[in-house]
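One gets my numbering by counting positions in the sequence shown from 1 and adding 204 to each.
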Amino acid sequence: MKPVFISALLRLVVSTFFIFLINCSVLEAKVVTYDIDIDYKTVNFTGKDVQAMAVGGTIPATTIEATEGDILKVSFHNKMDVDTSIHWHGIILPNDQDGVPYVTTMPIRAGGSLDYEYPVAQSGTYWYHAHTGLQEQRGIYGALIFHPQNKTLKYDQEYVVVLSDWNDENPDQVLRNLKKDGDYYALKKDMVQSWYKVFKYKALWNRLKQSWTRMGPMDLSDVGYDVFLMNGQSQTKIGDAKPGERILLRIINTASSSYFNVEFAGGDMEVVSADGINVEPFKTKRMLIAVAETYDVLVTLPKDQAYELRATAQDGTGYASGTLGDGELVTAADIVKPNPMLMDHSKMDPSAHQEMDHSMMRHKVPLNEMDDYKQLRATQSTKLPPENPVHEVILELTGNMERYVWSFNGKTLSEEDTILIRKGENVRFIMPNKTMMHHPIHLHGHFFRVLNGQGDYSPLKHTVDVKPMETTIIEFEADQEKDWLFHCHNLYHMKTGMTRIVRYKGSERDPKLMKAMREDKPGFFHDWYLKAYVSPQSNKVDGYINYSDVRNILEVEWDNNYTGEYEVEPVYERNITRFFSLFAGGDFERDDDDEVTNHAIWGFRYVLPLLIDFEYRMDHRGNIQLGFETTLQLTDRLQFNGEYEIEFELEDRWNYDDAHIEHDYVVELEYRVTKNFSLIGNYDSDYRGGGGVRLRF
Ligand SMILES: [Cu+2]
């Protein structure tokens, strides 16, 4: 035979063999399909009917299950009149299946459908949720369970436990309220951090230290929720467990902004997996689960009784409860509502930790921030390939609670959208948290190592809780392509700017997505918010209007009395940092001598230690004015507002030789009857004393 023929024959045999192999693996992969509607649904969690959004007709959504090695095919049909989207949280999949509208995937159009299809390349407990607006808070979340091909853990039963938070109030309104006042829900949560409480709890030193460094008080949550849910109910029965059985609980925190302390009344929980990946098992009595994290725990019912699994919101404002087993109920211990007054995160280094724990116990504050992370240890080495170049990125977690803007390195997504990385590097994110809140930070499409002191066995996670005033370091091998979202999983923080796109250099986003984004203008994080008040009082009327986005503020402040005096001040203000802004505008005034002055003004505003707002202002005649303003929350409802101005008034323009000095001040006591209605008593150096009301809009 001719050699040409032999080689051709050989090629045929070899290629047939490979085609056979490929077919085998395709044949082996089972295709799991789901066909699911997304639609509005009327729910009633509080005694009031409210329109929610539901996937597959339920909240939480239909649990989607498959086995590692399967092909998962899910068709979603959007029956609503608004676009939606579904993101697969913690799943390694092709970029275009990730489900972030305009970034990786098209939105699921109002009235339209979208098909997902990807190979299931992992096992464990995960979840899925909407990535459009604040729809997740309205009900679009559910469990996603990928079973292992070979079960290594021994247990008799497994149950899914989906934790979430719910408000009847529309989440868009919740965000508008937070934009008006970052502490909007403090009263509802009974978490107002007043000076009365500072003295009551002898927390003066803490408070002074915090305000000296211009930090507001420690905060465990922004939103005051109506109810917390376990598998869609505030009280539920979990499975049909029998005493002695080993039960695997797949606990998923799908809440929009609540962390939960989870405790089981039947004894310790054995943590066997975190964020879907098995860890070295360890036992714990109680665990704090951050937003978007998942944990698998093993429990056993000691006797033939019912045992409570309780998930208490970290801020202590409520809990969701489930029972395992039948018979007389054994309840989990009540968790004392934490007292943020006594939490001093300015000295949270390991050596100080002991001290803090001690002082918290002395005040009967629960140790609800147990260090599960330190105990998390991978079952095999997670070391990154040492030959890869290392790319370090410092991402400070930053925020402005007063304006309710959350950001990385002081910039929101609308101002700086991408973190550029290269395929084949080991990327390390160093994240110092400069705020007084926890942030659950999540990266799409990757697992990262959390450097928690476990060395080569650092655990792999997709979501990590970064504690107030602490630094967390994560690292991962850049082994994907294109764009992946990286953000705080507190829905309201994500929406107001604490988001980035991790972009692989040299691989482009699908032009179809860019085009859709240009056409739809989803206006990510570029929203404008309005806040205003008016105070008719016996001696004067004053008012304030503020219309602002992330950096720009248009504001008008005015006051007048009933005899023709007035002052109106419209300005444009540009926020440079959390503490510093520039402004320019006009000042129009008529004083008690009927003298009218119209001045152009400009200057800067700066936040001084002890949270005193300072203003330096000059007008076009050279007059200079220094202003100081502060608010002290005295009790839950009573606050003191004070304002003091020194003016250097010139007889002649720009001639400082004969400047005369004037003092102006306003002091107010404001009693908040509701969030939008207050009683006011004031003394004003221009208008004398009086009283009245303040209406907020
Ligand atoms: Cu956050």
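All C-beta atoms, glycine included, are put in the ideal place defined by N, C-alpha and C.
In this text the structure is predicted, and so the values were computed from the model without any measurement.
Residue i - DSSP class collapsed to helix/strand/coil
i: histidine 697; result: helix
i: glycine 328; result: strand
i: aspartate 530; result: coil
i: arginine 632; result: strand
i: methionine 395; result: coil
i: serine 460; result: coil
i: aspartate 660; result: helix
i: arginine 898; result: strand
i: leucine 408; result: helix
i: methionine 473; result: strand
i: serine 889; result: coil
i: tyrosine 577; result: helix
i: tyrosine 400; result: helix
i: glutamate 591; result: coil
i: arginine 722; result: helix
i: arginine 653; result: strand
i: leucine 168; result: Absent from the structure is residue 168, since the part of the chain shown begins at 205 and ends at 901.
i: serine 415; result: helix
i: glutamate 606; result: coil
i: methionine 560; result: Any reading at methionine 560 must be qualified, since the residue scores a pLDDT of 36, below 50, and its modelled position is unreliable; the value itself is stated next. Looking at methionine 560 - three-state DSSP - the assignment turns out to be helix.
i: glutamine 341; result: helix
i: leucine 617; result: coil
i: histidine 567; result: Any reading at histidine 567 must be qualified, since the residue scores a pLDDT of 32, below 50, and its modelled position is unreliable; no value is offered.
Residue i - partner residues in DSSP beta bridges
i: methionine 491; result: Val466
i: tryptophan 688; result: Val706
i: tyrosine 810; result: Phe784 and Phe818
i: leucine 601; result: Phe612 and Asn637
i: glutamine 843; result: Gln837 and Glu874
i: aspartate 669; result: Pro644
i: aspartate 746; result: Ser739 and Asp763
i: leucine 734; result: Tyr751
i: threonine 622; result: Ile705
i: serine 711; result: In DSSP, serine 711 forms no bridge with anything.
i: threonine 675; result: Pro636
i: proline 506; result: None; proline 506 has no bridge partner.
i: asparagine 198; result: What the structure shows of the chain is the stretch from 205 to 901, and residue 198 is not part of that stretch, so it cannot be assessed.
i: asparagine 859; result: Note: asparagine 859 sits in no beta bridge, so no partner.
Cutoff 7 Å; reference residue i; Cβ partners in own chain excluding five residues on either side
i: threonine 639; result: Leu601, Thr602, Gly603 and Pro672
i: serine 785; result: Glu777, Arg778, Asn779, Phe808 and Arg809
i: asparagine 572; result: No answer about asparagine 572 holds up, because its pLDDT of 39 lies below 50 and its placement is not dependable.
i: valine 396; result: Ala390, Gln837 and Asp840
i: threonine 583; result: Asn482, Val483 and Glu484
i: aspartate 795; result: Glu769
i: serine 327; result: Glu272, Phe350, His351 and Pro352
i: glycine 896; result: Ser739, Pro740, Gln741, Ser742 and Ile884
i: alanine 469; result: Tyr511, Glu512, Val534, Thr535 and Ala536
i: glutamate 619; result: Val754
Environment of residue i [buried if 16+ CB atoms lie within 10 Å]
i: arginine 876; result: buried
i: arginine 892; result: exposed
i: proline 813; result: exposed
i: tryptophan 732; result: exposed
i: histidine 557; result: Its pLDDT being 35, under 50, histidine 557 is placed unreliably by the model, and the measurement read from it follows with that caveat. So histidine 557 counts as exposed.
i: asparagine 886; result: buried
i: serine 711; result: exposed
i: lysine 699; result: buried
i: alanine 325; result: exposed
i: glutamate 497; result: buried
i: alanine 314; result: exposed
Sequence-distant residues of its chain with Cβ nearer than 6 Å to residue i (five each side left out)
i: threonine 586; result: Arg653, Ser662 and Leu664
i: serine 425; result: Asp519
i: arginine 782; result: Asn604
i: leucine 842; result: Tyr875
i: glutamate 833; result: Asp817 and Glu847
i: aspartate 791; result: Glu773, His803 and Ile805
Same chain, Cβ closer than 8 Å to residue i, neighbours up to 5 away in sequence not counted
i: aspartate 376; result: Gly337 and Leu338
i: threonine 266; result: Tyr238, Ile240, Val259, Gly260 and Gly346
Contiguous alpha helix (DSSP H) assignments of at least 4 residues, all confined to the stretch 419 to 449: none
Contiguous beta strand (DSSP E) assignments of at least 3 residues, all confined to the stretch 219 to 307: 235 to 247, 254 to 259, 265 to 271, 275 to 282 and 291 to 293
Uninterrupted beta strand (DSSP E) stretches inside the stretch 355 to 384 (no shorter than 3 residues): 361 to 370
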